[in-house]
Structure formats: C-alpha cells, structure tokens
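Peer 1: First residue of the sequence shown? That's 1 in full-length UniProt numbering, and the numbers climb one at a time after it.
One structure, pasted below without further comment.
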Amino acid sequence: PRVLDKLCLCVDPAKPITKVASDITGLSNEKLTNCEKPCFDLNLVQLVKEFLNRQAQPVCLVAHNGFFYDYPLLKAEFQQQNEELPSSLFCLDSLKAFRQLDKQDGRNQKFAKGFHSLSEIYRRSFGKEPIDCHYAEGDVLTLIKVFMHRASEFLEMVNSQSKRWSEISPMYKTG
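This is the structure we're talking about:
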C-alpha cells in the first residue's frame with residue numbers, strides 16, 4: 001500500500017530467548033540488553049493503544065499463526081500491565097485463513113509440513129523468495145503483500161474467521 005503506518009520496536013522480553021529462536025531471528029538477550037531495549041511496560045502499552053487509535057475503525061490485527069502465538073502473548077503482556085486493548089478490536093489468523101482458502105479452492109488434501117508457512121505462501125503467490133524472512137518487519141511486509149494479493153477473499157473472512165480481542169486467552173497467567 002502507498003499509505004502505511006508502521007510501529008516497529010524491539011522489546012527486551014525479560015526472559016531467556018531460546019537458541020532456536022535466536023538462530024531464526026538473529027536476536028539474543030545479549031543484543032537486546034546491549035542496545036538498552038526496555039521491557040514491555042506501560043509506556044509501550046500506551047504507544048500501542050495510541051497507534052491503534054490513529055487507524056480507521058474498525059481495526060483488525062492480522063498475524064500468521066496469531067491465534068496460537070502472537071495474540072495470546074500480546075494479551076498476557078497487556079494483562080501484566082493491568083491494561084487491555086479495546087474490545088472492538090478484531091484479530092485474524094492468516095494461517096487459519098490460508099488453510100480455509102485452500103479448502104475453498106478445492107484443495108482438501110493433507111498438506112506437507114511448511115506448505116502454509118508465510119514464506120511458502122509468498123513463493124507460491126509471487127514466484128520468488130520473500131525479503132527478510134523471520135525478521136519482524138520483513139515478515140509483516142510479506143504478510144501485507146500476500147494479504148493484498150487476495151484482499152477481497154481475506155476481507156470476507158474477517159466476518160467469519162476473526163475473533164474479538166476479548167475472546168483471546170492470554171498465553172500465561174500474570175501475577
């Protein structure tokens with residue numbers, strides 16, 4: 001899209017980053033600490049809320065495997081700050097949506113592992129490799145491109161496949 005608002009921040013998770021995650025993303029606790037990146041805090045909560053408030057309403061977050069990972073993690077972090085996102089916020093899992101689109105396209109067979117990975121969907125859609133795989137901003141831009149490639153179908157799915165923020169369960173309980 002020609003008009004694109006972005007909020008791209010590194011956050012120190014204040015928890016050990018696994019070797020596997022570090023190998024995939026290139027991030028490590030040491031790098032985040034050395035760059036003095038703060039943890040998820042009330043300032044970040046307010047920044048995210050303000051960013052979402054700037055967008056045309058209603059807002060629907062889209063994340064690949066979001067119902068399993070991104071949304072529950074974000075929900076837990078917000079709850080840890082005793083904060084909440086608006087109940088009017090919608091969430092869509094693009095992994096679930098792509099699986100549903102394949103069923104609608106008549107592909108009901110069992111898919112090989114990785115068939116619905118974001119990079120594989122991009123390869124099938126555009127015939128080339130996505131840029132900056134497994135880097136947060138690169139993955140977001142890749143997701144935007146594959147979403148826009150089938151935008152009308154995705155927009156129809158928002159009504160049937162999305163969940164309200166209030167329906168998302170946190171990844172972990174906060175104390």
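Beta carbons: idealized from backbone N, C-alpha and C, even for Gly.
Output the boundary residues of the beta strand (DSSP E) element that contains L7.
Peer 2: Taken as a continuous stretch (DSSP letters only), L7 belongs to no beta strand (DSSP E), as it is neither H nor E.
Peer 1: Within 10 angstroms of the Cβ of L27, are there 16 or more other Cβ atoms? Answer buried if so, exposed if not.
Peer 2: Its Cβ being crowded by 16 or more others within 10 Å, L27 is buried.
Peer 1: Using alpha carbons as the reference points, say which of E30, N29 and Y122 lies closest to H64.
Peer 2: Nearest of E30, N29 and Y122 to H64, Cα basis: Y122.
Peer 1: DSSP state of R54, grouped into three classes?
Peer 2: Here R54 sits in coil by DSSP.
Peer 1: In the DSSP assignment, what residue or residues form a beta bridge with C39?
Peer 2: Note: C39 sits in a beta bridge opposite D12.
Peer 1: Bridge partners for R164 per DSSP, in chain order?
Peer 2: Its beta-bridge partners are F90.
Peer 1: Distance check for Q104 and N29, CA to CA, integer angstroms please.
Peer 2: Roughly 43 Å between the two C-alpha positions.
Peer 1: Beta strand (DSSP E) containing V62: first to last residue?
Peer 2: First-last of the beta strand (DSSP E) with V62: C60 to A63.
Peer 1: State the Cα-Cα distance for the pair K15 and S169, rounded to the nearest angstrom.
Peer 2: Rounded to whole angstroms, K15 to S169 spans 20 Å at the Cα level.
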